[in-house]
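**Q** Encoded as C-alpha cells, here's the structure I'll be asking about.
Protein chains: 2
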Amino acid sequence: VDSPSEENAGFADRLQAAVEDKDTPCLVGLDPHLELLPPEFASARDLALPRSARAELLGNFLCQVIELVAPLVPAVKPQSAFFEALGADGVLQWERVLREARRAGLIVIGDVKRGDVASTAQAYATAFLEGAGERDAGARCDAVTLNPFLGADSIAPFLETCRRVRAGVFVLVRTSNPGGADLQRHGEPELSAVIADLVARWGSELPELTGECGLSGVGAVVGATHPAELRQFRERMPRSILLLPGYGAQGAKAEDLIEAFLPGRAPRGALVNSSRGITAAWREPRFAGRSWRDATRAATLEMIARMRKVLRAR
Amino acid sequence: VDSPSEENAGFADRLQAAVEDKDTPCLVGLDPHLELLPPEFASARDLALPRSARAELLGNFLCQVIELVAPLVPAVKPQSAFFEALGADGVLQWERVLREARRAGLIVIGDVKRGDVASTAQAYATAFLEGAGERDAGARCDAVTLNPFLGADSIAPFLETCRRVRAGVFVLVRTSNPGGADLQRHGEPELSAVIADLVARWGSELPELTGECGLSGVGAVVGATHPAELRQFRERMPRSILLLPGYGAQGAKAEDLIEAFLPGRAPRGALVNSSRGITAAWREPRFAGRSWRDATRAATLEMIARMRKVLRAR
C-alpha cells in the first residue's frame, strides 16, 4: 500500500503523512478484553474450547475491526497484554493482527510498555520492532510504548533500533489512571517533568529520528485526562509526538486535547486514542439495535468528526 | 513433587520452605541471550532455520539447565524478553520452561517487569500467574516482577490475583543498571524510598499474603550493586522478601548482600540471583576445557558456597 519512498521515510514522516492522508489524528486502540467481545465472538470466553480456538476468535474479531477502521484512521494501537493472556496462542494472534494492520496500510503502535536493563531491552526491541526473529519481519510494530522507570540505558537500545529500522517510541511521561500520580508527581520538579525533559533530550541527541515534518520519532504518552498539564508537556517536548490515551471511555473530551497539537492547518504533533470507546461501542445504549460492526464504524466516525471540529475551530 | 499442604501454602511460606530445604537463597536466572548459548545450541542463531526450530533449541538448553540446577537451588527466574524475541514460537518455549521448572520442584519467578493500568494489569496477571488461559494452568509463575511506575492501581490486580492463587510479586524499588538512578533517585525522599514504603504498606494491607514464616508475598527488587542502600531498604520493608539481582556478572559480591537478610540460622528475607554467571559460565576462562554442563553446575555450586560462607559468618 505504501510507496517505496514512504516505506523508507522515518517513523515521524510516515505517521504525519498518514495523519494528513486520513485528515485525522485519531487512532483506534485494539484492547481485546475477552469480556467486551461482541456476542458473535463470545465463545472466546468458553474455557471448554481449546485455547488456540479461543485465541483465533479474538484474532478474527480484531481483523474485522482493522478492515472497518483502515479507511478511516492512520494507525491502530494493539495492547499486548490481552494477547499474552492467552499465552503462545494469543501471541500468534498478536502477530496475525500486526501483519493484517500493516497490510491494510495502517501504522501500528504496539502498546507494550516495556522497560528493562539494556541487554533485555534489546531483546524486546527485536521482539517488537524487528519482527521477533521471523525472516519476513511482517509482524512488527512501527513504534512501541516504553516505561522509562529504569532510565536512559533502558531506552537506548530501542532508540538505536529505531534509527536502524526507522521506527518510533512513545515514552510514558504521565499516565491517566488514578494511581498515575503516586510516583509521577513525586518531587519538585515533578518526576513527569524530568521524564519529559529526558524525552526532549533523547530526541535532540538523535536528529536522524526527526523527520522533514519537524517532528521526532521519540514521542511521549501523556494522559489526556489532565488537560491543564498538556500545555506544559507540549512546551517541554516541542518536537515530540504526544500520544494521548483516555479519549472516550477514560473521560477526556476533544476540547481538552487541543493544547497538545502544534499550530498549522493539518493535525500535527499529537495522536488521540480511543480503545473501548470504539471496539466496545456496540454495548453503548446509543447504538442499541445496531450490529457491532455498525457501532464500531459509527463510533470511529463520531470521534473523528468531533476532533476535526475542534481542530478546525483553532 | 510438592506435597498438597505445601502446594496450598502461600508464596512466602513455599519459598521459605524451599530455601531452607536447599539451604541457600541463591536462584538461577534464565536469560537466554541467543549470543550466549553454548556451541551445541548455536543453530538457535541460524536465521536460515525456521523460527520454531530455533526457539526449540533455546527451550532444550533451558530444560537441561533446569535439570542441572533443580537439585541445588530453590527457584529459577526466567526473563520473558528473550522468549518474546522469538515471537509466538518463543512464548511456546516460555510455557514449556515454566512447566518443566515446576515439574522439577522449582519455584518460578517470572521476570516480566510489567506495569499497566488496572484492566490491562489484570490481563497480565492472568497471563503469568494463572496459566494464560490454559485449563491445567501448569505453565504459570509462582511470582512475577512488576514495574510500579503507574502506581497503586496498576499493582492491585496482581495482589488480588496473588491472594486468590497464592502467588507473589516483586516490585521494582531500585535497579542496578547505570540508568537506574535517572528516575529512581529523583526527589527528597528519593523515589525508591517512596516505592519501598508503598511496598511495605501493600504488604501490611494484605495480611493474607504474609506467611507463617513472617514474610510477605509482596516483595521488592533491590539492585545488589548498591550495598550501602540495602540496609535502608531492609528497614523500610521489614517483612518483604528482597530479590537481589546483579550477583556475579553485574558485579555484586556475596559480602555486599548480607544487610538484606533477616537474622536467624536459615537464610531468610532475601534471594540472590545470578543469570549469565551461571548459564554463560562455560565462556569464562576458569572453566576452559569443561563442558557447558560442568561449568553451569560448578558455577552454581560456587555461588551457593560463597553465599553460605558469608551467611554463616554472621
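As you go down the protein sequences, you meet chains A and B in turn. Here the first sequence is numbered in our numbering, starting from 323 and rising by one per residue. Here the second sequence is numbered in our numbering, starting from 323 and rising by one per residue. C-beta atoms are modelled at their ideal positions from N, C-alpha and C, and glycine is treated no differently.
Mind listing the chain A neighbours of Arg-404 of chain B? Cutoff is C-beta to C-beta under 7 Å, in chain order.
**A** Locating residue 404 of chain B in the second sequence gives position 82, where the first residue counts as 1. According to the sequence shown, residue 404 of chain B is Phe rather than Arg. Within chain A, the residues near Phe-404 of chain B are Ala-445.
**Q** Exposed or buried, what is Gly-599 of chain A when buried is set at 16 or more other beta-carbons lying within 10 Å of its beta-carbon?
**A** In the first sequence, residue 599 of chain A corresponds to position 277, counting from 1. It counts as buried.
**Q** Check whether the Cβ of Asp-368 of chain A lies closer than 8 Å to any Cβ atom in chain C.
**A** As a matter of chain content, chain C is missing from the structure shown, whose protein chains are A and B.
**Q** Output the residue ranges of the alpha helix (DSSP H) runs that lie fully inside the region 452-499 of chain A and measure 4 residues or longer, sorted by chain position.
**A** Whole alpha helix (DSSP H) segments, 4+ residues: 474-487.
**Q** Express the C-alpha separation of Gly-545 of chain A and Pro-500 of chain A in angstroms, rounding to a whole number.
**A** The sequence position of residue 500 of chain A within the first sequence is 178, counting from 1. The sequence position of residue 545 of chain A within the first sequence is 223, counting from 1. If I take the Cα positions, the gap works out to 11 Å.
**Q** Have a look at Ala-515 of chain A and Arg-587 of chain B and give me their C-alpha separation to the nearest angstrom.
**A** Position 193 of the first sequence, counted from the first residue, corresponds to residue 515 of chain A. Position 265 of the second sequence, counted from the first residue, corresponds to residue 587 of chain B. One C-alpha to the other measures close to 47 Å.
**Q** Given that Glu-624 of chain B touches chain A, what residues does it touch there, using C-beta distances under 9 Å?
**A** The residue you call residue 624 of chain B lines up with position 302 of the second sequence. The contacting residues do not exist; Glu-624 of chain B stays about 23 Å from chain A at best.
**Q** Between Val-323 of chain B and Leu-428 of chain B, what straight-line distance do the alpha-carbon atoms span, to the nearest angstrom?
**A** If you number the second sequence from 1, residue 323 of chain B lands on position 1. If you number the second sequence from 1, residue 428 of chain B lands on position 106. With a pLDDT of 40 at Val-323 of chain B, under the threshold of 50, the predicted position of this residue should be treated as unreliable, and no value is reported.
**Q** Can you name the residues of chain A whose CB is closer than 9 Å to the CB of Arg-376 of chain B?
**A** Counting from 1 along the second sequence, the entry for residue 376 of chain B is found at position 54. Near Arg-376 of chain B (Cβ distances below 9 Å), the residues of chain A are Gly-455.
**Q** Any idea what DSSP makes of Ser-325 of chain B, helix, strand or coil?
**A** Within the second sequence, residue 325 of chain B is the residue found at index 3, counting from 1. Summary for Ser-325 of chain B: the model assigns pLDDT 43, below 50, so the residue's position carries little reliability; its value from the coordinates is reported in the next sentence. Note: Ser-325 of chain B maps to coil in three-state DSSP.
**Q** Between the region 394-421 of chain A and chain B, which residues of the former have CB atoms less than 8 Å from a CB of the latter, in chain order?
**A** The residues in question are Gln-401, Ala-403, Phe-404, Glu-406, Ala-407, Leu-408, Gly-409, Ala-410, Asp-411, Gly-412, Val-413, Leu-414, Trp-416, Glu-417.
**Q** Hey, would you say Arg-418 of chain B sits closer than 8 Å to Gly-381 of chain B, going by beta carbons?
**A** Working through the second sequence from its first residue, we reach residue 418 of chain B at position 96. Working through the second sequence from its first residue, we reach residue 381 of chain B at position 59. In contact: Arg-418 of chain B and Gly-381 of chain B (Cβ atoms closer than 8 Å).
**Q** Identify every residue that forms a DSSP beta bridge with Thr-532 of chain A.
**A** Against the first sequence, residue 532 of chain A aligns to sequence position 210. Thr-532 of chain A pairs with A:Ser-538.
**Q** Answer yes or no: do Pro-400 of chain B and Leu-352 of chain B have a C-beta to C-beta separation smaller than 8 Å?
**A** Here residue 400 of chain B refers to the residue found at position 78 when the second sequence is read from its first residue. Here residue 352 of chain B refers to the residue found at position 30 when the second sequence is read from its first residue. Yes; because the gap between Cβ atoms is below 8 Å, this pair is in contact.
**Q** Around the Cβ of Gly-525 of chain B, are there at least 16 other Cβ atoms within 10 angstroms (buried) or fewer (exposed)?
**A** For this step, residue 525 of chain B is matched to residue 203 along the second sequence. Under this definition Gly-525 of chain B is a buried residue.
**Q** Between the C-alpha atoms of Thr-442 of chain B and Asp-616 of chain B, what's the straight-line distance to the nearest angstrom?
**A** For this step, residue 442 of chain B is matched to residue 120 along the second sequence. For this step, residue 616 of chain B is matched to residue 294 along the second sequence. Answer to the nearest angstrom: the Cα atoms are 43 Å apart.
**Q** Can you tell me which residues form a DSSP beta bridge with Leu-352 of chain B?
**A** The sequence position of residue 352 of chain B within the second sequence is 30, counting from 1. Answer is B:Pro-400, bridged to Leu-352 of chain B.
**Q** Could you compute how far the alpha carbon of Leu-528 of chain A sits from the alpha carbon of Ala-403 of chain B?
**A** Counting from one through the first sequence, the residue named residue 528 of chain A turns up at place 206. Counting from one through the second sequence, the residue named residue 403 of chain B turns up at place 81. So the two alpha carbons sit approximately 25 Å from each other.
**Q** With 8 Å set as the bound, which would you pick, yes or no: does the beta-carbon of Ser-613 of chain A sit closer than that to a beta-carbon of chain B?
**A** In the first sequence, counting from the first residue as 1, residue 613 of chain A sits at position 291. Taking Cβ atoms only, chain B never reaches closer than 8 Å to Ser-613 of chain A, which makes this a no.
**Q** How long is the line joining the alpha carbons of Arg-507 of chain B and Ala-339 of chain B, rounded to whole angstroms?
**A** Here residue 507 of chain B refers to the residue found at position 185 of the second sequence. Here residue 339 of chain B refers to the residue found at position 17 of the second sequence. If you take the alpha carbons of Arg-507 of chain B and Ala-339 of chain B, they lie about 35 Å apart.
**Q** Report the three-state DSSP secondary structure of Arg-587 of chain A (helix, strand or coil).
**A** Within the first sequence, numbered from 1, the residue matching residue 587 of chain A stands at position 265. Coil.
**Q** Once DSSP output is grouped into helix, strand and coil, what is the label at Val-391 of chain A?
**A** Walking along the first sequence from the start, residue 391 of chain A turns up at place 69. Val-391 of chain A falls in the helix class under three-state DSSP.
**Q** For Asp-464 of chain A and Val-540 of chain B, I'd like the C-alpha separation in whole angstroms.
**A** Within the first sequence, numbered from 1, the residue matching residue 464 of chain A stands at position 142. Within the second sequence, numbered from 1, the residue matching residue 540 of chain B stands at position 218. Their Cα atoms are separated by approximately 36 Å.
**Q** Give every residue of the same chain whose Cβ lies closer than 8 Å to the Cβ of Ser-365 of chain A, excluding the five residues on either side of it in the sequence, and list them in chain order.
**A** Your numbering for residue 365 of chain A matches position 43 in the first sequence. Same-chain partners within the cutoff: Leu-371, Ala-375, Arg-376, Leu-379.
**Q** So the alpha helix (DSSP H) Val-516 of chain A belongs to, where does it begin and stop?
**A** Within the first sequence, the letter at position 194 stands for residue 516 of chain A. First-last of the alpha helix (DSSP H) with Val-516 of chain A: 513-527.
**Q** Using a Cβ-Cβ distance under 8 Å, would Ala-474 of chain A count as near chain B?
**A** If you number the first sequence from 1, residue 474 of chain A lands on position 152. Judged by the 8 Å Cβ criterion, Ala-474 of chain A is in contact with chain B.
**Q** Taking all protein chains shown into account, do 16 or more other C-beta atoms lie within 10 angstroms of the C-beta of Arg-496 of chain A, making it buried, or fewer, making it exposed?
**A** As a working mapping, residue 496 of chain A is identified with position 174 in the first sequence. Arg-496 of chain A comes out buried.
**Q** DSSP three-state call for Val-413 of chain B: helix, strand or coil?
**A** Numbered from its first residue, the second sequence carries residue 413 of chain B at position 91. Looking at Val-413 of chain B - three-state DSSP - the assignment turns out to be helix.
**Q** Do Arg-462 of chain B and Leu-420 of chain B have their C-beta atoms within less than 8 Å of each other?
**A** Locating residue 462 of chain B in the second sequence gives position 140, where the first residue counts as 1. Locating residue 420 of chain B in the second sequence gives position 98, where the first residue counts as 1. Yes, the Cβ-Cβ distance between Arg-462 of chain B and Leu-420 of chain B is below 8 Å.
**Q** DSSP state of Ala-426 of chain A, grouped into three classes?
**A** If you number the first sequence from 1, residue 426 of chain A lands on position 104. In this structure, Ala-426 of chain A counts as coil in the three-state DSSP scheme.
**Q** Could you check what DSSP says for Lys-435 of chain A in three-state terms: helix, strand or coil?
**A** The residue you call residue 435 of chain A lines up with position 113 of the first sequence. Three-state DSSP puts Lys-435 of chain A in a strand.
**Q** In three-state DSSP terms, what is Ala-635 of chain A?
**A** Against the first sequence, residue 635 of chain A aligns to sequence position 313. In the structure shown, Ala-635 of chain A sits in coil (DSSP, three-state: anything other than H, G, I, E or B).
**Q** Can you give me the C-alpha to C-alpha distance between Cys-348 of chain B and Arg-424 of chain B, rounded to a whole angstrom?
**A** Your numbering for residue 348 of chain B matches position 26 in the second sequence. Your numbering for residue 424 of chain B matches position 102 in the second sequence. Distance between the alpha carbons of Cys-348 of chain B and Arg-424 of chain B is about 17 Å.
**Q** Less than 8 Å between CB atoms is the rule here; does Asn-469 of chain A satisfy it with respect to chain B?
**A** Indexing the first sequence from 1 puts residue 469 of chain A at position 147. It does: the Cβ of Asn-469 of chain A has a partner Cβ on chain B nearer than 8 Å.
**Q** Using a beta-carbon distance cut-off of less than 8 Å, what residues from the region 514-533 of chain B approach chain A?
**A** Per Cβ criterion, the list reads Val-516, Ile-517, Leu-520.
**Q** Are there 16 or more other CB atoms within 10 angstroms of the CB of Lys-344 of chain B, so buried, or fewer, so exposed?
**A** Position 22 of the second sequence holds residue 344 of chain B. Label assigned to Lys-344 of chain B: buried.
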